[in-house]
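Trainee:
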């Protein structure tokens, strides 16, 4: 298996990307192709010892910046690590692409260069989120901020394939994120989407309210990219704020400080279970190739975890499964 | 000051409402009119001692249920505690109405019976949310799930009045909740709203991403009712899930259990600062009268806090301030 990684994508690239890649190679025995500025990538690589035949570099002279217009990756930065990396997937022997770079650019480049699989009109970014027991798949979290109901239906179908084949859930259920449980809640978009899912989606369980998002209401949760993105960003902000406030409170009391030490294990486990960056990557589904989005602030560990999640997709032949399931309908 | 309270609104009414009202009367010295089924309210009241001249009952034979269609409160349940209570505001000597009942019905009844103040087309529900330092005002959290950009502009203007006159912020800034910081982010609705606010709103600071919602980016945060409702419901769900996971983790370790005991004070302070139900109520702004929405699961304490927040609005003459500021533009 050979995975292409955008060495220049994300806030701390290439240092953290290379560190994560080295760990992934050691731990998963996978082969990695790093795409980026060769001297800089080489310099980072030289800091580690690793099986040399497992990591190679493909040069790319440009970098897509976080504030670049998504369309630039196609029009202007054709020799960017992102464009070059995605284009490698069109050749035999390259199984997947991982990037922690500009989300909009990644969606645009993947759509433009790889094209969509038949039966899917727009790509969606999914995310495995924790549940009180197990996990669920939320899609879309930011590829398509103003979708049509039909797109959410397609997301639901792809999410079912992901949960079934990658996560091993036998017959995944699908829920629609909405501000009320009953049919007829939400804006016109949600009402229409509800009717469509009711009619055409197997295992549709109805609306799921955001306060019940962790309560195992459905294996797959569909939403607009706007709402999905609000949810994951807000979760990040809320957890950060809680951490800041707790730190401030604890500083006021020596007993609380001791308490925190004693609770450290439990708090770390909480973070692991609630913080979905632990899963590492967010699969971009719908394009004709395996593309994984890493968080922009990805640490080396997050990069490694994103590679692990990507390996799972390759092993389970997700693209063939998607084509079989989605194109068939 | 005389505040009308819906004795029958919310999950544990009238018991928790009456308990909260008794506490409010004792603590704030306010006069309360409880609207509801007289025998049931009387039975609850008889459990407490309180200054008798401070609490009176106005009978209403019907109750708006949580799953009633909002329009029923106007068409069918004209003698409900909600309809009767709101109508009292049209008489002299009644200053405000508080209800923890059906949100949609409250919005419909307040709009229908009280009418809008000039210059506002649709009511919005606001919420005081904590910031790392101080607080901000988020509007709309569920009255208007599919607003026009113009409505968000009006919400922003009302939010500024609230923050200035009720919360004492000298020159409140306004931000638009959006999935990116730069102009041009989000769906068509956010782009249009951005342009409108840019052009007409004093102290507009641009987009605020949900991961920065607690970071004092703006004093007033405007969003569609759909997005605002997703945010507050998701916050509730996330905090609940964290609590459940933490409890499970702690049970695994006696040291962690001890840690929790030592941290109890800090954890409680965290909850107080992060949990916005602590503020108690969510003002319905735009209607021609002071209306406060309590959380459906309101405890006695939440009811008391909602009454306190209502008192502040009355004291600061919020309706006159809104009329002066909004109608003037």
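Residue numbers (the working numbering), protein chains in the order written: chain V, -19 to 309; chain R, -19 to 309. Quick reminder that beta carbons are idealized off the backbone N, C-alpha and C, glycines included.
Could you tell me which of R/63, R/-3, R/81, R/16 sits nearest to residue 276 of chain R, measuring between CA atoms?
Mentor: When only C-alpha atoms are compared, the closest one is R/81.
Trainee: When the cut-off is 7 Å and only beta carbons count, does residue 98 of chain R lie next to chain V?
Mentor: Cβ-Cβ to chain V under 7 Å: no for residue 98 of chain R.
Trainee: Determine the contact status of residue 5 of chain V and residue -17 of chain V, defining contact as a CB-CB distance below 7 Å.
Mentor: Against a cut-off of 7 Å, the Cβ pair of residue -17 of chain V and residue 5 of chain V comes out as no contact.
Trainee: Taking residue 129 of chain V as part of the alpha helix (DSSP H), name the residues at either end of that continuous run.
Mentor: Per DSSP, residue 129 of chain V belongs to the alpha helix (DSSP H) from 129 to 141.
Trainee: Pairs of beta-carbons, one from the region 186 to 200 of chain V and one from the region 108 to 119 of chain V, closer than 8 Å: are there three or more?
Mentor: Touching, per the Cβ criterion.
Trainee: CA-CA distance, residue 184 of chain V and residue 236 of chain R?
Mentor: Cα to Cα, the separation comes out at about 40 Å.
Trainee: So, is residue 384 of chain V buried or exposed, given that buried needs 16 or more other C-beta atoms within 10 angstroms?
Mentor: Since the first residue shown for chain V is -19 and the last is 309, residue 384 of chain V is missing from the structure and cannot be characterised.
Trainee: Suppose you measure from the CA of residue 384 of chain R to the CA of residue 129 of chain R; what does that come to, to the nearest Å?
Mentor: Beyond the ends of chain R as shown, which are -19 and 309, falls residue 384 of chain R; an answer cannot be given.
Trainee: Are residue 76 of chain R and residue 294 of chain R closer than 7 Å when you measure CB to CB?
Mentor: The answer is yes: Cβ separation under 7 Å.
Trainee: Name the DSSP beta bridge partners of residue -14 of chain V, please?
Mentor: Beta-bridge pairing links residue -14 of chain V to V/15.
Trainee: Would you mind giving the Cβ-Cβ distance between residue 120 of chain V and residue 127 of chain V, rounded to the nearest angstrom? I have them listed as a contact below 8 Å.
Mentor: Residue 120 of chain V to residue 127 of chain V, Cβ: 7 Å. Contact.
Trainee: Identify every residue that forms a DSSP beta bridge with residue 187 of chain R.
Mentor: Answer by DSSP bridge pairing, in chain order: R/156.
Trainee: Return helix, strand or coil for residue 70 of chain R, following the three-state DSSP convention.
Mentor: Three-state result, residue 70 of chain R: coil.
Trainee: So residue 235 of chain R contacts chain V; which residues on that side make the cut at Cβ distance below 7 Å?
Mentor: What residue 235 of chain R touches in chain V: 242.
Trainee: Give me the Cα-Cα distance between residue 108 of chain R and residue 262 of chain R, rounded to the nearest whole angstrom.
Mentor: Approximately 7 Å between the Cα atoms of the pair.
Trainee: Can you list, in chain order, the stretches of the alpha helix (DSSP H) that have 4 or more residues and sit fully within the region 211 to 262 of chain V?
Mentor: Whole alpha helix (DSSP H) segments, 4+ residues: 234 to 254.
Trainee: To which residues of the same chain is residue 301 of chain V closer than 6 Å at the C-beta, ignoring the five residues directly before and after it?
Mentor: The residues are 141, 145.
Trainee: Could you give the first and the last residue of the continuous beta strand (DSSP E) run that contains residue 202 of chain R?
Mentor: 200 to 202 is the span of the beta strand (DSSP E), which, as asked, contains residue 202 of chain R.
Trainee: May I ask you to report which of helix, strand or coil DSSP gives residue 4 of chain V?
Mentor: Residue 4 of chain V falls in the helix class under three-state DSSP.
Trainee: Give the single residue among R/3, R/306, R/186 whose Cα lies nearest to the Cα of residue 27 of chain R.
Mentor: Of R/3, R/306, R/186, the residue nearest in Cα terms is R/3.
Trainee: Beta-carbon separation of residue 133 of chain V and residue 176 of chain V under 7 Å?
Mentor: Yes. Within cutoff.
Trainee: Is the separation between the beta-carbon of residue 65 of chain R and that of residue -14 of chain R shorter than 7 Å?
Mentor: In contact: residue 65 of chain R and residue -14 of chain R (Cβ atoms closer than 7 Å).
Trainee: Restricting to runs no shorter than 3 residues, where is the beta strand (DSSP E) found entirely within the region 70 to 110 of chain V?
Mentor: Correct list: 76 to 79, 104 to 110.
Trainee: Can you tell me whether residue 232 of chain R is buried or exposed, with buried defined as 16 or more other CB within 10 angstroms of its CB?
Mentor: Answer is exposed; the Cβ neighbour count stays below 16.
Trainee: Give the C-beta separation of residue 50 of chain R and residue 265 of chain R to the nearest angstrom, bearing in mind that I take them to be a contact with Cβ-Cβ under 8 Å.
Mentor: With 8 Å as the limit, residue 50 of chain R and residue 265 of chain R do not qualify as a contact, their Cβ atoms being about 18 Å apart.
Trainee: Using DSSP with H/G/I as helix, E/B as strand and the rest coil, what is residue 62 of chain V?
Mentor: Residue 62 of chain V: helix per DSSP, three-state reduction.
Trainee: To the nearest angstrom, how far is it from the Cα of residue 312 of chain R to the Cα of residue 204 of chain R?
Mentor: Outside the shown range of chain R (-19 to 309) lies residue 312 of chain R, about which nothing can therefore be said.
Trainee: Which of the three DSSP states, helix, strand or coil, is assigned to residue 271 of chain V?
Mentor: Residue 271 of chain V falls in the strand class under three-state DSSP.
Trainee: Which runs of the alpha helix (DSSP H), 4 residues or longer, sit entirely within the region 24 to 56 of chain V?
Mentor: With a minimum length of 4 residues, the continuous alpha helix (DSSP H) runs that stay inside the region 24 to 56 of chain V are 52 to 55.
Trainee: Could you give the distance in angstroms between the alpha-carbon of residue 68 of chain R and the alpha-carbon of residue 14 of chain R?
Mentor: Taking the straight line from one Cα to the other gives about 11 Å.
Trainee: Quick test of the definition: if touching needs 3 or more C-beta pairs under 8 Å, does the region 212 to 222 of chain V touch the region 215 to 228 of chain R?
Mentor: The region 212 to 222 of chain V is in contact with the region 215 to 228 of chain R.
Trainee: Since residue 0 of chain V meets chain R, which of its residues come closer than 9 Å, beta carbon to beta carbon?
Mentor: What residue 0 of chain V touches in chain R: nothing, since even the nearest Cβ is about 22 Å away.
Trainee: Taking Cβ positions only, does residue 278 of chain R come closer than 7 Å to chain V?
Mentor: No, residue 278 of chain R lies away from the interface with chain V (no Cβ there is under 7 Å from its Cβ).
Trainee: According to DSSP, which residues form a beta bridge with residue 116 of chain R?
Mentor: Paired residues: R/109.
Trainee: Apply the 10 Å Cβ neighbour rule to residue 307 of chain R and answer buried if 16 or more other Cβ atoms are within range, or exposed otherwise.
Mentor: The residue in question, residue 307 of chain R, is exposed, as its Cβ has fewer than 16 Cβ neighbours within 10 Å.
Trainee: What are the partner residues of residue 265 of chain V, as DSSP defines its beta bridges?
Mentor: Beta-bridge pairing links residue 265 of chain V to V/104.
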